[in-house]
Every structure is written in C-alpha cells, then in structure tokens.
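Asker:
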Amino acid sequence: MVIAVVGVIGSVLVARVSAPRPAPAAGPPVDGEDDRGAPALEVSPEIWVHMSGKISALEAKVDHLAQLVEQQSEHLTRLEQLLRQAMRLLRSAHKRLRSAGIEPDPVPSELIPYSID
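Under the numbering used here, the residue at position 85 of the sequence shown is numbered 246, and the numbers go up by one with no gaps.
Quick look at the structure:
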C-alpha cells in the first residue's frame with residue numbers, strides 16, 4: 162500500500178513538473194524590455210549622435226549621387242538625340258554621293274543603331 166501511495170504521488174509530481182507553465186499575465190513591459198519581453202537595446206547618446214551624423218552624411222551623398230545620375234541621364238539623352246540627327250544628315254549625304262556615282266565611306270557598325278529613327 163505504501164508503494165502505491167508513493168507511486169501515485171510520484172506520478173502527480175512528474176506530471177506537474179512536465180506540464181507547460183502558463184504564460185505570465187500581459188502587463189506593461191518592464192523597464193529595459195521591449196514589447197516582446199526581450200531586453201531593449203540602449204545606446205549611449207554619444208554613439209547615437211555619431212551614428213545619426215554618419216547616416217545623415219550618407220543620405221546627403223546618396224541624394225547628391227542621385228542628382229548627378231539624373232543630370233548625366235539627361236545629358237546622355239541629349240547626346241543620343243544629337244547623334245541621331247548627325248546620322249540622318251550622314252544618310253542624306255550618302256544618298257547624294259551615291260547619286261553622283263561616288264561610293265561613300267562605310268558607317269562604323271557601332272553607329273548603325275543610332276541611324277534608326
């Protein structure tokens with residue numbers, strides 16, 4: 162009988178230890194913890210100011226580079242327009258030379274895509 166009582170008590174204790182524990186009641190986060198219960202990162206003001214300055218400098222550089230890319234893109238578009246115009250003039254000059262019986266110099270293959278309107 163003593164063995165049966167010890168067995169029942171032992172099984173109750175084992176069941177209690179292995180049972181999942183209930184989650185703690187949700188309350189306001191403890192100081193130093195974020196919403197998920199993990200400790201929040203704290204940064205010293207000196208590091209924060211330093212890194213904020215670096216980020217601001219990088220943002221300014223990216224803005225400047227974006228402006229340069231836009232300017233160069235506009236410049237490239239204008240150069241391509243001028244090249245297409247020059248190729249139209251060249252085609253017309255080639256037609257006149259052929260009609261006069263003179264064979265014009267060949268157009269470099271790199272410029273052929275710009276001769277198409």
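The beta-carbon is built from N, C-alpha and C at its ideal position, and this holds for glycine as well. This one's a predicted model, so the numbers in the text were calculated from it and none came from an experiment.
1. Could you pull out every residue in the same chain whose Cβ sits closer than 6 Å to the Cβ of LEU258, ignoring the five residues on either side in sequence?
2. Does the separation of the CB atoms of GLU231 and TYR275 fall below 9 Å?
3. If LEU229 sits next to MET248, beta carbons under 8 Å apart, how far is it from one beta carbon to the other, in whole angstroms?
4. Express the C-alpha separation of GLN246 and HIS236 in angstroms, rounding to a whole number.
5. Taking the alpha helix (DSSP H) that GLY214 belongs to, which residues open and close that run?
6. Under 9 Å between the Cβ atoms of VAL223 and MET212?
Answerer: Taking the geometry as given:
1. Translated into the one-based positions of the sequence shown, residue 258 becomes position 97. Hits under 6 Å: PRO265.
2. One-based indexing of the sequence shown puts residue 231 at position 70. One-based indexing of the sequence shown puts residue 275 at position 114. No, these two residues do not count as a Cβ contact at 9 Å.
3. To locate residue 229, count along the sequence shown from 1; it is residue 68. To locate residue 248, count along the sequence shown from 1; it is residue 87. Contact doesn't hold; Cβ gap of about 28 Å is too wide.
4. For the purposes of this step, residue 236 is taken as the residue at position 75 of the sequence shown. For the purposes of this step, residue 246 is taken as the residue at position 85 of the sequence shown. Approximately 15 Å, taken between the alpha carbons.
5. Residue 214 sits at position 53 when you count from the first residue of the sequence shown. Per DSSP, GLY214 belongs to the alpha helix (DSSP H) from 206–260.
6. As a working note, residue 223 is residue 62 in the sequence shown. As a working note, residue 212 is residue 51 in the sequence shown. Not closer than 9 Å, so no.
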